[in-house]
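Asker: In UniProt numbering, the protein residues as written are 1 to 153. Just so you know, even glycine gets a beta-carbon here, dropped at the ideal spot from N, CA and C.
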Amino acid sequence: MTTTPSPGRKQAGAKLTTLGAMWPRMVALRSRIDHEVEQALQRQLHLGFSEFVALMSLADRPDGELRMQELADATSLNQSSATRLVGRLERTGLTERRLCEYDRRGVYTGITDAGRVTLRKAVPVYEAALANAFDRVAADPDYRDLIAAVDPR
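#1: Is the beta carbon of Ser-57 closer than 7 Å to that of Ala-74?
#2: Of all the options Met-68, Asn-132, Thr-118, Leu-119, which has the alpha carbon lying nearest to the alpha carbon of Arg-97?
#3: Determine, using beta carbons only, whether Ala-114 and Leu-94 come nearer to each other than 7 Å.
#4: Once the 5 residues before and after Lys-121 are set aside, which same chain residues still bring their CB inside 7 Å of it?
#5: Should the segment 120 to 136 be regarded as contacting the segment 15 to 35, the criterion being three or more beta carbon pairs within less than 8 Å?
#6: Determine the direct distance from the alpha carbon of Arg-88 to that of Ser-50, and round the result to whole angstroms.
#7: Between which residues of its own chain and Ala-40 is the CB-CB distance below 6 Å, once the five residues before and five after are set aside?
#8: Specify the secondary structure class of Thr-95 as computed by DSSP and reduced to three states.
#9: Give me the Cα-Cα distance between Pro-152 and Ala-59, rounded to the nearest whole angstrom.
#10: Tell me whether the beta-carbon of Gly-106 lies closer than 7 Å to the beta-carbon of Gly-64.
#11: Gly-48: which of Ala-149, Pro-24, Val-123, Val-150 sits nearest, CA to CA?
#12: Grouping DSSP H, G and I as helix and E and B as strand, with all else coil, what is residue 165?
#13: Rounded to whole angstroms, what's the CA-CA distance from Leu-99 to Trp-23? Just pull it up for me.
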């Protein structure tokens, strides 16, 4: 594996592998794109990115439901944050909770009809914001190579 100094950092005697140097750029790239997508969803639908991901995850299930831990995993949130997220979605009528019939400790969250309507509106906003963010970031020479590697268009 080749080693290169991390871009924008002074060498302190240690060299990063190419992968090690690339990873912080990938994290920064994702942060930039997530921020732009989040802003578009908030501005147009008053919906956060995590809320969008939660609705997508629920809608992808045949029964429209997930256990709370499964939803936490799908949204990359811890259980406490996922519970707060579901609370926000419930207050707006986009999801509802129910107890598991077989294990009364288990809690399921399901997408409502209103949640499906919101998701249908959100998908084109998400797709357009994502494409715009990719195009904007692709113009930045620091990220052009990363975008070229992941953009299927």
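Answerer: The short version:
#1: In the sequence shown, residue 74 corresponds to position 74, counting from 1. In the sequence shown, residue 57 corresponds to position 57, counting from 1. Yes. Within cutoff.
#2: Here residue 97 corresponds to residue number 97 of the sequence shown, with the count starting at 1. Measuring from the Cα of Arg-97, the nearest candidate turns out to be Met-68.
#3: Position 114 of the sequence shown, counting from 1, holds the residue named residue 114. Position 94 of the sequence shown, counting from 1, holds the residue named residue 94. Yes. Within cutoff.
#4: Position 121 of the sequence shown, counting from 1, holds the residue named residue 121. Correct list, in chain order: Leu-45.
#5: yes
#6: Position 50 of the sequence shown holds residue 50. Position 88 of the sequence shown holds residue 88. For Ser-50 and Arg-88, the distance between alpha carbons rounds to 11 Å.
#7: As a working mapping, residue 40 is identified with position 40 in the sequence shown. Hits under 6 Å: Val-125, Ala-129.
#8: On the sequence shown, position 95 is the one that residue 95 refers to. Thr-95 falls in the strand class under three-state DSSP.
#9: In the sequence shown, the residue the question calls residue 152 occupies position 152. In the sequence shown, the residue the question calls residue 59 occupies position 59. Each residue's alpha carbon lies about 24 Å from the other.
#10: Walking along the sequence shown from the start, residue 106 turns up at place 106. Walking along the sequence shown from the start, residue 64 turns up at place 64. For Gly-106 and Gly-64, no; Cβs fall outside 7 Å.
#11: Locating residue 48 in the sequence shown gives position 48, counting from the first residue. The shortest Cα separation from Gly-48 among Ala-149, Pro-24, Val-123, Val-150 belongs to Val-123.
#12: This structure gives no information on residue 165, because the portion of the chain shown stretches from 1 to 153.
#13: In the sequence shown, counting from the first residue as 1, residue 99 sits at position 99. In the sequence shown, counting from the first residue as 1, residue 23 sits at position 23. Each residue's alpha carbon lies about 41 Å from the other.
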